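Reading through the structure tokens given below for one structure.
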Amino acid sequence: MSRKMRYLSERKNGDYRYVRDYPTKLLRAIPSHPKQFSKELGLDKSCSDSELLKAMEEATRLYDLRVKTASNSDPNAFSESELKMAVEEVLRQRNLKVGEYAHVPEKQYTEEEWKRAMEHGANIVPDRYDLAEQAIPEVEDVGYAEQRGEKLTFQQQVYVDAWKAVQTAPKFQKKQTMREAWARYVADNKLDTTKGDGKDKQQRFERVLKYTGDFTISQETREDVQDRIQSFIYGKRQDNPSITAQAIKRELREFIAAIRYVPRVDWGDRLKLSGNAFQIPKDEKPVKGRTLSDDELRLFFSTCINKADPKWTALLLMAHAGLGTKEIMRLREDKDLFLDAKYPHVIFRGGDEERSKADSRLRVVPIVIGLEVIKEHLPQTIKWMNSVDKKTPNATLNKRLRALLGKEATTKSHMFRHTWLRLSRRARISEDNKHAIAGWEKGDTNNTVMERVYDIHGYRDDPELLAQLYEDQKEIFSRFIVDASSLSNVIELKR
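Numbering (the numbering used here), first residue to last: 165 to 659.
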């Protein structure tokens, strides 16, 4: 649904920009002046309303400044914030930033080195001043104007300040608003807030800010910040009395991380959800998935194959290594599925964002039961999971499992992980191969495990390493492969 807002223009690719004609009075007075102001907002139709409103307000301020600058040259007529905005715009247009050349020495040569360089016609290494002048060449004309005793215009003052800005390291703000802190946290952590995990974090941030309002983070505002976060906790509990501590903490985790990221606020590191800083309901023990018996597994595999569809296929794949729905959602059909390989397998590496639950969940999963079912239905499984609300896949799959295996709360997709680990221990497979298929267990700090077993190219150059994983996976499911072999969905490993 397209948004209707004055001066908002949407490009064909969905990107937003601010477009506004300059006043007729200005254009009559200055015929050579551009007729229209245009600014890319850096947002698209997936952005939140608050993000768009803020960007439009900033663009309007810049438009007003352009109009004012065109008709008034006296620096005294402009505020400090207008001067700062004009300097930022000059830097943005030239792809520069504050402190761009601050790391470059003020002088590259001593007087003696300079003389020698001149005598030998050596290539001169520019110093900080040279680079700044190349970036803002207008300062040379400003220098001549000052020599003639002329008063600087506002635009000339903007160039001078921009020239100084690229030479000066940015100063840490002693205080930031919550929105400023969040923007910096998002930028420095390279979060893409338009999709996937980044979008989820942005939505959680907006939900918290709805209760707290924007506020200042500084050395003096610790109690105010804590009170505002507590107001969010209180509000959520009023809206939903049954909300769990885990849900509240999940909403606040990145919000508080952004506060702690603000420099020179020494209480930030002590702002934690644990302890007595906030009144939060007690954590509830999560219901853990149980371990499936052999008879239940036989029934499960038989159902997945005989009633094959995208949803049973999701469960069949999950059973191969205790996988989660988000891992399957992030699969890319053209990059991660190797189902026609000599040893059919799927590589889970977090999709385009390269995000898995943790680094430890990068994994290579050989397919040994129901191969033809997975080949036929997995593409539709991935499409289905990405077309519905993110909570729907788990709820739908758990409903199927409970209809088949019992309605206990412990009957859920997470039980495949416990079951797979039990089967792997029964088969006595190597630790390396166990980690390669299922990911590292919590607390395992052996970061070299994946280096020995993970191949980004799908084992194109080392099929024997994959063969070892495949053989171990067959051993894990050996008693169930025999039952399923009549369906011709099992690939025999031939040496």
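Ideal Cβ placement from N, Cα and C applies to all residues, glycine included. Note that this is a predicted model, so its numbers are computed, not measured.
(request) Hey, could you find the ends of the alpha helix (DSSP H) Asp213 is sitting in? (result) 213-235
(request) Output the distance between the C-alpha atoms of Val426 and Val350, rounded to the nearest integer angstrom. (result) Roughly 12 Å separates the two Cα atoms.
(request) Spatial neighbours of Ser210 within its chain, please: CB distance less than 6 Å, with the 5 preceding and 5 following residues excluded, ordered by chain position. (result) Here Ser210 has Thr358 as same chain residues with Cβ atoms under 6 Å from its own Cβ, once five neighbours each way along the sequence are excluded.
(request) Give the straight-line distance between the Cα atoms of Phe644 and Leu461, rounded to the nearest whole angstrom. (result) Phe644 and Leu461 have their C-alpha atoms some 8 Å from each other.
(message) Quick check on this structure: which residue in Trp327, Asn470, His284, Asp291 has the alpha carbon closest to the alpha carbon of Val303?
(response) Trp327
(message) On the DSSP bridge list, what partners appear for Thr376?
(response) Looking at the DSSP output, Thr376 sits in no beta bridge, so it has no partner there.
(request) Identify whether Glu204 lies in helix, strand or coil by the three-state DSSP scheme. (result) Of the three classes helix, strand and coil, the one that applies to Glu204 here is strand, per DSSP.
(message) By the three-class DSSP mapping on this structure, what secondary structure does Asn611 have?
(response) Low local confidence applies: a pLDDT of 46 at Asn611 is under 50, so the model's placement there is unreliable, with the coordinate-based value given in what follows. DSSP places Asn611 in coil when its eight states are reduced to three.
(message) On the criterion of 16 or more Cβ atoms from any shown chain inside 10 Å, does Gln267 qualify as buried, or is it exposed?
(response) At residue 267 the sequence reads His, which differs from the Gln that was named. By the neighbour-count rule (16 or more Cβ atoms within 10 Å), His267 is not buried but exposed.
(message) At the level of alpha carbons, what is the spacing between Tyr398 and Gly178?
(response) 38 Å
(message) Measuring straight from C-alpha to C-alpha, what distance separates Lys189 and Tyr171?
(response) 19 Å
(message) Give me, in chain order, the residues of the same chain whose beta-carbon lies closer than 7 Å to that of Phe201; leave out the 5 immediate sequence neighbours on both sides.
(response) Arg184, Tyr186, Tyr227, Arg230
(request) My understanding is that His509 touches Leu630, with C-beta atoms under 8 Å, so please give their C-beta distance in whole angstroms. (result) 6 Å
(message) I want to check one thing, is the minimum distance from the CB of Ala472 to the heavy atoms of the ligand MN below 7 Å?
(response) For the structure depicted, the ligand MN is absent and the ligand set is empty, with no information on it obtainable.
(request) Round the Cβ separation of Ile444 and Val389 to the nearest angstrom and send it over; I've been treating them as touching at under 8 Å. (result) Contact annotation, Ile444 with Val389: C-beta distance approximately 16 Å; criterion of less than 8 Å not satisfied.
(message) Starting from Lys339, trace the alpha helix (DSSP H) in both directions and tell me its first and last residue.
(response) Note, Lys339: premise wrong, no alpha helix (DSSP H); beta strand (DSSP E) at 339-341.
(request) For Arg454, name the three-state secondary structure that DSSP assigns. (result) coil
(request) Whole angstroms is fine: what's the gap from Gln257's alpha carbon to Ala250's? (result) 11 Å
(message) Just to confirm the assignment, what range does the beta strand (DSSP E) spanning Ile511 have?
(response) 509-512
(request) Could you say if the segment 581-590 and the segment 478-488 meet the contact criterion of at least three C-beta pairs nearer than 8 Å? (result) Two segments are said to touch when three or more pairs of C-beta atoms, one from each, lie closer than 8 Å; by this definition the segment 581-590 touches the segment 478-488.
(request) Using DSSP bridges, identify the partner residues of Arg181. (result) Beta bridge pairing from DSSP links Arg181 with Ser173, Glu204.
(message) On the DSSP letters alone, give me the boundaries of the beta strand (DSSP E) that Val528 sits inside.
(response) Val528 -> beta strand (DSSP E) spans 527-530.
(request) Note the first and the last residue of the continuous alpha helix (DSSP H) segment covering Leu435. (result) Run containing Leu435: none; DSSP gives neither H nor E here.
(request) Using a threshold of 8 Å, state whether the C-beta atoms of Ala219 and Leu205 are closer than that. (result) yes
(message) Output needed for Glu264: all residues of its chain with C-beta closer than 6 Å, excluding positions within five of it in sequence on either side, in chain order.
(response) So the qualifying residues of the chain are Val330.
(message) Quick check: the Cα distance between Glu628 and Val537, rounded to an integer number of angstroms?
(response) 25 Å
(request) Could you tell me which of Gln402, Lys446, Gln394, Arg434 sits nearest to Arg408, measuring between CA atoms? (result) The sequence as given places Thr at residue 408; Arg does not occur at that position. Comparing Cα positions, the closest option is Lys446.
(request) Kindly say whether Tyr398, judged by its beta-carbon, lies nearer than 8 Å to any beta-carbon of chain B. (result) Protein chains in the displayed structure number just one, and chain B is not present.
(request) Pull up the distance between the alpha-carbon of Pro474 and that of Leu542, whole angstroms please. (result) Whole-angstrom Cα-Cα distance: 6 Å.
(request) Spell out the partners DSSP gives Leu501 in its beta bridges. (result) Val510
(message) Give me, in chain order, the residues of the same chain whose beta-carbon lies closer than 7 Å to that of Ile412; leave out the 5 immediate sequence neighbours on both sides.
(response) In its chain, beyond the 5 residues on either side, Ile397, Lys400, Ile444 have a beta carbon closer than 7 Å to the beta carbon of Ile412.
(request) Taking 8 Å as the cut-off, decide whether the C-beta atoms of Leu463 and Leu535 are in contact. (result) no
(message) Could you check whether Phe379 and Met342 sit closer than 8 Å to each other, using their CB atoms as the reference points?
(response) yes
(request) Would you mind giving the Cβ-Cβ distance between Gly515 and Arg496, rounded to the nearest angstrom? I have them listed as a contact below 8 Å. (result) 6 Å
(request) Could you check the C-alpha separation between Asp636 and Ile533 for me, to the nearest Å? (result) 13 Å
(message) What does the alpha-carbon distance come out to for the pair Gln272 and Ala333?
(response) 18 Å
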